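Each residue of the sequence shown is one higher than the last, beginning at 325 in our numbering. The next block holds one structure in the form of structure tokens; read it before the comments.
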Amino acid sequence: MDKQRVNGAIDEVVGSTKRHIGNLTGDTRTEVEGAVQQVKGKVETTVGKIKDGARDAHNHLAAHKHTCAPADEKTEVTVTGDRNIF
């Protein structure tokens, strides 16, 4: 899991908590700071998810690179009776 994703989740929770405390106490500044931190966390979490997805896709392609024929490579098939010989 990407570090940015973890930090984003932490910022989301802390920001949400600040926002609620600010709302309960009537402290507009704390409420706004919490909302900003919460949005920052959501952005960080999303970026971390994108990085994780890109890393997973890269690893998947790298793992299957040697098992797939290149697109420009031609494969010859000879049919004899009811069997295919490659």
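Every residue gets a Cβ at the ideal spot worked out from N, C-alpha and C, and that includes glycine. On a predicted model such as this, the values are computed, not experimentally measured, just so you know.
| Asked | Found |
| --- | --- |
| For GLY377, the first and last residue of its enclosing alpha helix (DSSP H) | 352-388 |
| Cα-Cα separation between GLU368 and HIS382, rounded to whole angstroms | 21 angstroms |
| Pick from LEU385, ALA386, ILE374 that is closest to GLN412, judged by C-alpha positions | With the chain covering only 325 through 410, there is no way to say anything about residue 412. |
| Residue span of the alpha helix (DSSP H) that contains GLU400, given as start and end | Run containing GLU400: none; DSSP gives neither H nor E here. |
| Where the alpha helix (DSSP H) through ASP335 begins and ends | 327-349 |
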